[in-house]
Amino acid sequence: MGTYARIKPETEAWDLMNKIFTSKEKWIENREEIESFLGFPMDGNLYININYLVIERKMVKPEWEMEFRKNSHPAVTKVKSKLRKQWVDLCKRLGLEAYQTSDFYFKFGLWGTPSLYHSINSDYFIEFDGDVDLGPHEWAEEVNEPEFLRLRADWIEKSNSSNVESGNIG
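Heads up, the sequence shown is in the numbering used here, so the first residue is 3 and it goes up one at a time.
In structure tokens, the structure reads:
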């Protein structure tokens, strides 16, 4: 049995979860400029990181070899590398951000608590693997399992029917 929580809107937790789920949109919007900088496609080759350029080792160009840490997999730029500085400058100029679910569980004391994060309609949910006391977390509203599963199933069904109607699948 797990624990299910809805993250209350207008809380610091909701704001952070919103950034986690939406920050990648800016990367997609700026795909052309990022790929122009890299000289190769982002998909499957670039790790979302704004402090270092992190790419698949196979994508390191010969002229870039000295810019990256030796034997790092994936390839990570050195701290004082010129390429790293150019990457950081590009990320700042484009307003790119990088958020991960680990940012959430570190910030709100959930480290070591197996969980999945969901965006359903305009709400954010956490599905904890076991029983979790949500009492200390003012940002969390417990949701019973049947209600969560119904919301998730409705959302999946709606998403699938939207994709079929738009020709994205089927």
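Ideal Cβ placement from N, Cα and C applies to all residues, glycine included.
Only a predicted model underlies this, so the values are computations on that prediction, with no experimental measurement involved.
- Between the segment 8-22 and the segment 67-80, do at least 3 Cβ pairs fall closer than 8 Å? no
- Return the chain-ordered list of same chain residues with a C-beta closer than 8 Å to the C-beta of residue 107, the five sequence neighbours on each side being excluded. 113, 115 and 117
- What's the C-alpha gap between residue 51 and residue 84? 16 Å
- Cβ-based burial, residue 8 [other Cβ within 10 Å; buried from 16]: buried
- Do residue 123 and residue 90 have their C-beta atoms within less than 8 Å of each other? no
- Ignore the nearest five residues each way along the sequence and tell me which others in residue 13's own chain have a CB closer than 8 Å to its CB. 140 and 141
- Message: Could you tell me the alpha carbon to alpha carbon distance between residue 131 and residue 119, rounded to whole angstroms?
- Response: 11 Å
- Item | Sequence-distant residues of the same chain with beta carbon closer than 6 Å to residue 138, five excluded per side | none
- Task: Output the distance between the C-alpha atoms of residue 60 and residue 42, rounded to the nearest integer angstrom.
- Result: 11 Å
- Task: With a threshold of 16 other CB atoms inside 10 Å of the CB of residue 30, please say whether the residue is buried or exposed.
- Result: exposed
- Task: Give the DSSP bridge partners of residue 129, in chain order.
- Result: 6 and 118
- Query: Since residue 70 sits in a beta bridge, which residues does DSSP pair it with?
  - Reply: 79
- Task: Return the residue from the list 151, 55 and 102 that minimises the CA-CA distance to residue 78.
- Result: 55
- Message: Tell me which residue opens and which closes the alpha helix (DSSP H) that residue 90 is part of.
- Response: 84-96
- Query: Nearest-angstrom Cα distance between residue 62 and residue 144?
  - Reply: 47 Å
- What is the DSSP secondary structure of residue 49, counted as helix, strand or coil? strand
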